[in-house]
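So the structure is just underneath, and the comments pick up after that.
Protein chains: 2
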Amino acid sequence: MKKIGIIGATGVVGQEMINCLYDRNFPMSELRLFASARSAGKKVSTPKGELTIEEFSVEEAKKSDIVLMAVSGSFAKEYAPQITEGDAIVIDNSSAFRMDNDKPLVVPEVNAKDLKNAKIIANPNCTTAILAVALYPIYKEFGLKKTIVSTYQATSGAGYEAMMELENETRNYLEGKEVSCDKFPSPIPFNLIPRIDIMTDNNYSKEEMKVVNETRKIFHNSELQISCTAVRIPTFRAHAESVTIETERPINPEKVRDILKNAKGVEVIDDPKNWQFPMPLTASKKYNVEIGRIRQNIIFNEYGLDFFVCGDQLLKGAALNAVQIAENIV
Amino acid sequence: MKKIGIIGATGVVGQEMINCLYDRNFPMSELRLFASARSAGKKVSTPKGELTIEEFSVEEAKKSDIVLMAVSGSFAKEYAPQITEGDAIVIDNSSAFRMDNDKPLVVPEVNAKDLKNAKIIANPNCTTAILAVALYPIYKEFGLKKTIVSTYQATSGAGYEAMMELENETRNYLEGKEVSCDKFPSPIPFNLIPRIDIMTDNNYSKEEMKVVNETRKIFHNSELQISCTAVRIPTFRAHAESVTIETERPINPEKVRDILKNAKGVEVIDDPKNWQFPMPLTASKKYNVEIGRIRQNIIFNEYGLDFFVCGDQLLKGAALNAVQIAENIV
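Read top to bottom, the protein sequences are chains L and H.
Just so we're aligned, residue 1 is where the first sequence starts under this note's numbering, counting upward by one.
Just so we're aligned, residue 1001 is where the second sequence starts under this note's numbering, counting upward by one.
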């Protein structure tokens, strides 16, 4: 039984962490919830009774065995090293430590063994985690020469207020009122925005390069040839991704479906004739990542495959993966 | 000055055809609007006064010089040959004649020369037309080895009632009412549907194979290596497409931007640092197709490019292209 702390417990990812811990019967002797002074004193109801948000301090957070952080990168960078000076282990959802050579970046279905005795463990970018859990079993069996990804990302990736902006501004749109934007650079209702995060020197966005660099690190293959186009669309909490791959060895959809049916963390939903495929509507609030539209790619032929994945951005893309890491530590 | 007829004038594409003809000052001596008996007698206001919808008959339609058809494939297949028995020319927006060897399939910026003396001319699939106008200048200059497309398609592609379903069911969602679907197989608000049209034998959808086969025909290259994933998203009337290409000859973004700045039918919007890129919000109701996010692809390097296009499905994807064909005939 472990003492667990969550920092950033009032955010949308923090709340899903609480849900996941209880829903999965995580062996906890204690759960403490930390946030900023502004939120301290607030009550949070859980299946085991009400909990009170505490103002974050390093001293108190250090008393937990495992600390889940759902905070900004700069906050994590400052405090995670201090929290882990004692025995506490930190699992951090920000991008602060993901590319640090001495810190593991973990999708448990792929590289749980990287956890070893790490004190600070990075939780991947949401789009990366959702892709990795579906792509890795294919990579292991067939090898990958090229991976080309286009994403359909939900507003939850930009936080609770972004989801509310989608909802409220859509209402304004339908009522004929002025549609504005604050969390997004352009109005998001009935629109899409083909840039997420800042731009990098090669004219890919940082979100796109996270998918590239983090997948390489998780797969232990710095030469993995992968590119991405990251697009925000007006959905709430599930990211979808259209993926085309060229493989090292011959591949076919039947084999892939067989392999994925036995893989952890994925659910094959692939009967397009009967309109069964991954969708935000069905993938939201689900632990498993949906995969479907699996077909032989008509350019790469027997060395090529197309597929479509959809996973809950707040769960596999964030809170669930962090809790799974904690489960693996225990 | 030509006598013009529109069949299917009450539909959403038919209405845009009327708008385009007047807006572009098409040299018309007469415009007649045909629809089913149900719509006959309805009045349509135009910049040149009110017009009355007539019930369609072959005899009356034959009296026009150019007939624009915005009807179903089966209707077009039955009546276009009869209408063109005399001097009338038909430009058909359905898929009925697109792959017929003896009938041209035309995007005027690409292959206007195919029009020759054809009596029935096919207007391409919306996604194809929007892609072709942006892709062709690149193809001509650099050659294409591979083209991989993922789409973000608006509800207008499924007709007016589908657009209304998005609007009405989104309202239901926001009011906490039950969200249902009729024109779509699943609720479309805050969702996406990764299948458009029926499925074909190779597990691509018919929409996806239209992009493949029609682009090949328009480019006069039956060996063009192109694949597509077609996805419906909750937007109203502009389709977006994420495109990755491998070229025959070295390519770079600066050259591409230069070429596209001088190309017809496209508008380069490519300043992602300042949040300037193609979006449904800006591409809707615009004749030109927006292209941006132009960057060197990190897999294919000097032989690779990524870009993002967005074009009005009802204009370049349908009505405008048909009217442009008519302009070329005149």
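Quick reminder that beta carbons are idealized off the backbone N, C-alpha and C, glycines included.
Under a criterion of Cβ atoms nearer than 9 Å, no residue of chain L is adjacent to H/Asp1197; the nearest Cβ is some 11 Å distant. About 14 Å separates the Cβ atoms of L/Ala96 and L/Lys119, ruling out a contact at the 8 Å cut-off.
At least one beta carbon of chain H lies nearer than 8 Å to the beta carbon of L/Tyr204.
Assignment of H/Gln1276 by DSSP, reduced to helix, strand and coil, places it in the strand class. Per DSSP, H/Tyr1204 is not a residue of any beta strand (DSSP E), being assigned neither H nor E. Comparing alpha-carbon positions, the option among L/Met279, L/Glu167, L/Leu320, L/Arg257 lying closest to L/Glu241 turns out to be L/Met279. Taking the C-beta atoms as reference points, H/Tyr1173 is found no nearer than 8 Å to H/Pro1185. What H/Ala1037 touches in chain L, judged by beta-carbon distance under 9 Å, is nothing: the nearest beta carbon there is about 33 Å away.
The bridge partners DSSP lists for L/Val90 are L/Val67, L/Ile120.
When Cβ-Cβ separations below 8 Å define contact, H/Glu1161 makes no contact with chain L. Within 10 angstroms of the beta-carbon of H/Ser1180 lie fewer than 16 other beta-carbons, which makes it exposed. CA-to-CA, the gap between L/Leu305 and L/Ala129 works out to about 20 Å. Not one beta carbon of chain L lies nearer than 8 Å to the beta carbon of H/Asn1288. It is roughly 5 Å from the alpha-carbon of L/Tyr303 to the alpha-carbon of L/Thr247.
L/Pro124 and H/Gly1143 have their C-alpha atoms spaced approximately 38 Å apart.
By a beta-carbon distance limit of 8 Å, H/Ile1325 contacts H/Pro1108. Their separation comes to about 6 Å.
Boundaries of the beta strand (DSSP E) harbouring H/Ile1291: 1289 to 1296, taken from the DSSP string. Per DSSP, L/Gly14 lies in no beta strand (DSSP E); the unbroken alpha helix (DSSP H) holding it starts and ends at 12 to 23. Within chain L, the C-beta atoms nearer than 8 Å to that of H/Pro1278 come from Pro194, in chain order.
Counting other Cβ atoms within 10 Å of its Cβ, L/Pro234 reaches 16 or more and is therefore classed as buried. Within chain H, the residues Leu1174 have their CB atoms less than 8 Å from the CB of L/Glu167, given in chain order.
When DSSP states are grouped into helix, strand and coil, H/Gly1311 belongs to the strand group. Here H/Ala1035 is bridged, per DSSP, to H/Glu1055. With distances taken between CA atoms, H/Asn1101 lies nearest to H/Glu1214 out of H/Leu1314, H/Ala1263, H/Glu1214, H/Gly1008. Taking the Cα positions, L/Tyr136 is about 58 Å away from H/Ala1088. By the C-beta density criterion, L/Pro104 is buried, having at least 16 other C-beta atoms within 10 angstroms.
Here the C-alpha atom of L/Met163 lies approximately 9 Å from the C-alpha atom of L/Lys183. DSSP lists L/Gln153, L/Ile193 as the bridge partner or partners of L/Arg232.
Put simply, the CB of L/Val231 is near chain H, with a gap under 8 Å to one of its CB atoms. When Cβ-Cβ separations below 8 Å define contact, H/Lys1217 makes no contact with chain L. Unbroken alpha helix (DSSP H) stretches of 4 residues or longer found wholly inside the segment 1237 to 1287 of chain H: 1253 to 1261, 1280 to 1283, given in chain order.
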